[in-house]
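Heads up, the sequence shown is in the numbering used here, so the first residue is 3 and it goes up one at a time.
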Amino acid sequence: LLGYPLAKTIKQHGFFSYATNEALHLSDKEKATLLALFGNMAEEMNSRLDDLSQEVLLAQLELLLTYAQRFYQRQFLTRRPASRALLQQVDELLDAYFDAQRPLVQGLPTVHYLADAVHLSPSYLSDMLRSLTGQNAQQHIHHRLIELAKERLAVTSLSVGEIAYELGFEHAQSFSQLFKAKTNTTPLAFRRSFARKR
Numbered sequence: 003l004l005g006y007p008l009a010k011t012i013k014q015h016g017f018f019s020y021a022t023n024e025a026l027h028l029s030d031k032e033k034a035t036l037l038a039l040f041g042n043m044a045e046e047m048n049s050r051l052d053d054l055s056q057e058v059l060l061a062q063l064e065l066l067l068t069y070a071q072r073f074y075q076r077q078f079l080t081r082r083p084a085s086r087a088l089l090q091q092v093d094e095l096l097d098a099y100f101d102a103q104r105p106l107v108q109g110l111p112t113v114h115y116l117a118d119a120v121h122l123s124p125s126y127l128s129d130m131l132r133s134l135t136g137q138n139a140q141q142h143i144h145h146r147l148i149e150l151a152k153e154r155l156a157v158t159s160l161s162v163g164e165i166a167y168e169l170g171f172e173h174a175q176s177f178s179q180l181f182k183a184k185t186n187t188t189p190l191a192f193r194r195s196f197a198r199k200r
């Protein structure tokens, strides 16, 4: 693959890092599509090789990967009810993590923590969340963090540093940067604007 565009684009296929229990579930029609591609590739490899053989094989491999990506997206859509239950479980895990004050000891919750807790690979969890919410797992964690931070800024008199510490940040500056990146305002400006509304 070296020297071909596929060498770079192949890394964009997240399904290569899925666990075996997250394998692609194919319909009979999808299976036939992929088997036909494998057959074409085998035929190309067993025929007389020429100057374009490698390009033909790479094009077929790229097509195979594109179909696999399509079928995974379909799988996320058809398994939406189960995925919604998983989303609820992830949110409950995050709530329990913060309610138990685990950030004080363990720091910020990680994608690996959530993935392990729901028995999925981090890549599959991120792709599943993206299909439901438009956010990957890390973005989802940040969203929940910001919601909790807004709540604390609105209803407590804790300093920004104390809130940052409670949420698992080692440095208030890191918290403030994330808050501003996600809300376009600083934590203090948010608190002041919320106080004016009351």
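Virtual Cβ for every residue (Gly too), placed ideally from N, Cα, C. Fair warning: this is a prediction, and the values are worked out from it, not measured in the lab.
A25 sits in coil when the DSSP states are folded into three classes, being neither helix nor strand.
Straight across, the Cα-Cα distance linking K10 with E64 is about 12 angstroms.
Going by DSSP, R154 is part of the alpha helix (DSSP H) stretching over A139 to V157.
In this structure M47 is not in contact with Q62, their Cβ atoms being roughly 10 angstroms apart against a cut-off of 8 angstroms. Pairwise C-beta distances place the region 114-122 out of contact with the region 149-168, as fewer than three of them are shorter than 8 angstroms. H142 is a Cβ neighbour of V92, given a cutoff of 9 angstroms. The shortest CA-to-CA distance from P105 to any of S128, H173, M130 and P124 is the one to H173. In this structure the region 79-87 does not touch the region 48-57; the number of beta carbon pairs closer than 8 angstroms is below three. The DSSP assignment places complete alpha helix (DSSP H) segments of no fewer than 4 residues inside the region 28-59 at 30-48, in order along the chain.
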